[in-house]
Amino acid sequence: MGAPKQKWTSEEEEALRRGVLKHGAGKWRTIQKDPEFSPVLSSRSNIDLKDKWRNLSFSASGLGSRDKLRVPRPKAPSSSPSPSPQLLLLSAPNNVAEASPPEDCEKSPQDDKTPSPKFSMILEALDELKEPNGSEVATICNFIEQRHEVQPNFRRLLCAKLRRLIGVNKVEKIDKSYKLTDSYAKRALAPMKDPSLKKKDSAKSSKAAKGVGQLSPALDAAEAAAMKVADAEAKSHLANEHMMEVERIGKMAEETESLLELASELYERCSRGEALTILQVAHREF
DNA sequence: ATAGGGTTACAC
DNA sequence: GTGTAACCCTAT
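Read left to right, the first sequence gives residues 7 to 292 (the numbering used here).
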């Protein structure tokens, strides 16, 4: 019994994108049930939607294979030849995840939730190899094989794993090589090493104005400069996103405040025995 | 129901 | 062989 794979059509893809625009990523069931999309997505489960979105996010995050998109893209030839920047912005849940998550400060010291046994191996390998331009799968694989007993299909697993890590911005792919993301490396590696023997940070920070600190000391000046530029670019981009986010949050805060006032007014009057609706109060107040 | 890891099928 | 898309399984 061969279950012939059911490739996604561009219509389905489009429906999924619009569904996410409308309901947000993560509301797969809602999207799937929405009468607007259910005709197109009838043969897809909510899990299928999730998986497909995951794939779309990978390719949209620009990492790895944007240039050699081999996916036949018979996009609507007439009206929207280009995916429109909105979609790209929206389809980068990973960027948001990279920017916002207080993830690491949540961990309790001892309950350091090991991400997954294999992930720590990869982390270790990429850290120790210290290749500024990343390490090839074979290199990583070798490294890990030397330290751990691995299963025969390990390499394959490793590929899949790396790919997923790219999806969550913990790893980036440069040509054929993989390396830890700057931002993630700093957060993940710092607490990993013995606090006693990693005090040379201060010495380094004098010449490298932070940002490329964790790289091999033998780095060429040219390479270092290139890295800095790339880093700076990435940072300015991020900064921009952060600005927008801050603005948005500010607005939300205002609205929240108004709502709070409204709520307390409502509460006060209700507790006095008055029976009224939120609309009545809102009307008086605004 | 969703998120994430793992597996299988396919294209290059 | 390698990378990717679709599918499957499990924990939360």
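Glycine included, C-beta positions come from ideal geometry on N, C-alpha and C.
- Query: What whole-angstrom Cβ distance do Leu-164 and Val-143 have, given they're in contact under 8 Å?
  - Reply: 6 Å
- Compute the Euclidean distance between the alpha carbons of Ser-51 and Lys-39, then round it to the nearest angstrom. 10 Å
- Hey, how far is the Cα of Gly-30 from the Cα of Gln-152? 44 Å
- Is the distance from the Cβ of Ser-126 to the Cβ of Lys-185 below 8 Å? Between Ser-126 and Lys-185, the CB-CB gap reaches or exceeds 8 Å.
- Item | Own chain partners of Trp-59 with C-beta closer than 7 Å, once the 5 adjacent residues on each side are dropped | Leu-22, Val-26, Ala-31
- Query: Going by DSSP, which residues form a beta bridge with Lys-185?
  - Reply: Glu-178
- Integer Cβ distance of Lys-167 from Lys-124, believed to fall under 8 Å: 6 Å
- Nearest CA to the CA of Tyr-190: which residue from Ile-172, Ser-63, Phe-160, Ser-16? Ile-172
- Run the CB neighbour count on Asn-159, radius 10 Å, all protein chains shown included, and call it buried at 16 or more, exposed below. Exposed, because fewer than 16 other Cβ atoms sit within 10 Å of the Cβ of Asn-159.
- Message: Please state whether the Cβ-Cβ distance between Ile-146 and Leu-132 is less than 8 Å.
- Response: yes
- Item | Through-space distance from Pro-41 to Gln-12, alpha-carbon basis | 22 Å
- Message: For Arg-170, tell me which candidate among Gln-157, Asp-54, Ser-48, Ser-63 has the shortest Cα-Cα distance.
- Response: Ser-63
- Task: Determine the extent of the alpha helix (DSSP H) in which Arg-50 is found, giving its start and end residues.
- Result: Following the DSSP letters along the chain, one finds Arg-50 in no alpha helix (DSSP H), marked with neither H nor E.
- Message: Going by C-alpha to C-alpha distance, which of Thr-36, Asn-148, Lys-56 sits closest to Trp-14?
- Response: Lys-56
- Query: Arg-162 to Lys-33, Cα distance in whole Å?
  - Reply: 31 Å
- Over the uninterrupted alpha helix (DSSP H) stretch that includes Asn-139, give me the two end residues. Run containing Asn-139: none; DSSP gives neither H nor E here.
- Chain-order list of residues whose beta-carbon lies under 6 Å from that of Ser-44 (same chain, five-residue window excluded): none
- Euclidean distance between Cα positions of His-154 and Lys-192: 25 Å
- Please look up how many angstroms separate the CB atoms of Asn-139 and Ser-183, rounded, as I've assumed it's under 8 Å. 6 Å
- Got a sec? Which residues, its chain only, sit under 7 Å from Thr-36 by beta carbon, not counting five neighbours each side? His-29
- Item | Start-to-end residues for the alpha helix (DSSP H) that takes in Trp-14 | No alpha helix (DSSP H) contains Trp-14, which DSSP labels as neither H nor E.
- Who are the Cβ neighbours of Asn-101 in its own chain at under 6 Å, not counting the five residues just before and after it? Unreliable placement is indicated for Asn-101, whose pLDDT of 40 sits below 50; no coordinate value is reported for it.
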